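Q:
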Amino acid sequence: GIFRIAGVQDEIKALRNDWNNYTVTDFSKEKSPHNVSGLLKLFFREFPNPLLTFEVGPELLKAADISDEVAQIEALRKGLAKLPPANQEVCRELFPFLGMVTDNHEVN
Numbered sequence: 001g002i003f004r005i006a007g008v009q010d011e012i013k014a015l016r017n018d019w020n021n022y023t024v025t026d027f028s029k030e031k032s033p034h035n036v037s038g039l040l041k042l043f044f045r046e047f048p049n050p051l052l053t054f055e056v057g058p059e060l061l062k063a064a065d066i067s068d069e070v071a072q073i074e075a076l077r078k079g080l081a082k083l084p085p086a087n088q089e090v091c092r093e094l095f096p097f098l099g100m101v102t103d104n105h106e107v108n
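Number 4 in my numbering belongs to position 4 of the sequence shown; there are no gaps in the numbering.
(1) Assuming residue 7 contacts residue 57 under a Cβ cut-off of 8 Å, what Cβ separation, rounded to an integer in Å, is found between them?
(2) My understanding is that residue 33 touches residue 12, with C-beta atoms under 8 Å, so please give their C-beta distance in whole angstroms.
(3) Within 10 Å of its beta-carbon, does residue 99 have 16 or more other beta-carbons around it, so buried, or fewer, so exposed?
(4) Verify whether the separation of the beta carbon atoms of residue 36 and residue 30 is less than 8 Å.
(5) Closest to residue 46 by C-alpha separation, out of 16, 59, 21, would be which residue?
(6) For residue 21, count neighbouring Cβ atoms within 10 angstroms of its own Cβ and tell me buried if that reaches 16, exposed if not.
(7) Assign residue 17 to one of three DSSP states: helix, strand, or coil.
(8) Count the other C-beta atoms from every protein chain shown that fall within 10 angstroms of the C-beta of residue 87, then say buried if there are 16 or more, exposed otherwise.
(9) Would you call residue 83 buried or exposed, if buried means 16 or more other Cβ atoms sit within 10 Å of its Cβ?
(10) So residue 76 packs on residue 60, CB below 8 Å; how close in whole Å?
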């Protein structure tokens with residue numbers, strides 16, 4: 001998958017510097033999707049706290065054990081609603097993207 005293979009560290013650092021300097025980057029023109037995925041992984045790795053916080057994480061894991069899909073979704077929504085607003089916003093953008101990655105697993 002695109003997140004399993006490492007990108008070129010120097011190229012990832014250059015992308016990071018551009019990002020930190022507010023340079024608009026067209027990631028679709030990047031030579032390697034692995035560099036872009038490496039930048040995304042670095043972004044999350046540098047968070048001071050996990051995206052799914054220590055307080056909410058266990059609740060979300062318990063929701064995975066719920067067999068009824070409707071009840072499971074409701075438990076996940078309740079747990080995600082307890083995240084800080086910034087974390088919720090990142091999840092709103094990240095989860096659909098990860099869904100697209102999963103939907104295209106044959107090619108990535």
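Note that CB positions come from ideal geometry on N, CA and C, so glycine has one too. What you are looking at is a predicted structure, and each value in this text was computed from that prediction instead of being measured.
A: So, from the listed chains and residues:
(1) As a working mapping, residue 7 is identified with position 7 in the sequence shown. As a working mapping, residue 57 is identified with position 57 in the sequence shown. In fact, because the Cβ distance is near 27 Å, the residues do not count as touching under 8 Å.
(2) Your numbering for residue 33 matches position 33 in the sequence shown. Your numbering for residue 12 matches position 12 in the sequence shown. Contact doesn't hold; Cβ gap of about 12 Å is too wide.
(3) Start at 1 with the first residue of the sequence shown, and residue 99 comes out as number 99. Burial call: exposed.
(4) Here residue 36 corresponds to residue number 36 of the sequence shown, with the count starting at 1. Here residue 30 corresponds to residue number 30 of the sequence shown, with the count starting at 1. Cβ atoms of residue 36 and residue 30: closer than 8 Å.
(5) Within the sequence shown, numbered from 1, the residue matching residue 46 stands at position 46. Minimum Cα distance to residue 46 is reached at 16.
(6) Position 21 of the sequence shown, counted from the start, is the residue given in the question as residue 21. With fewer than 16 Cβ atoms within 10 Å of its Cβ, residue 21 is classed as exposed.
(7) Taking the first residue of the sequence shown as 1, we reach residue 17 at position 17. Note: residue 17 maps to helix in three-state DSSP.
(8) Position 87 of the sequence shown holds residue 87. So residue 87 counts as buried.
(9) Locating residue 83 in the sequence shown gives position 83, where the first residue counts as 1. Buried, since its Cβ has 16 or more Cβ neighbours within 10 Å.
(10) Locating residue 76 in the sequence shown gives position 76, where the first residue counts as 1. Locating residue 60 in the sequence shown gives position 60, where the first residue counts as 1. Going by Cβ atoms, the distance from residue 76 to residue 60 rounds to 6 Å, so yes, they are a contact pair.
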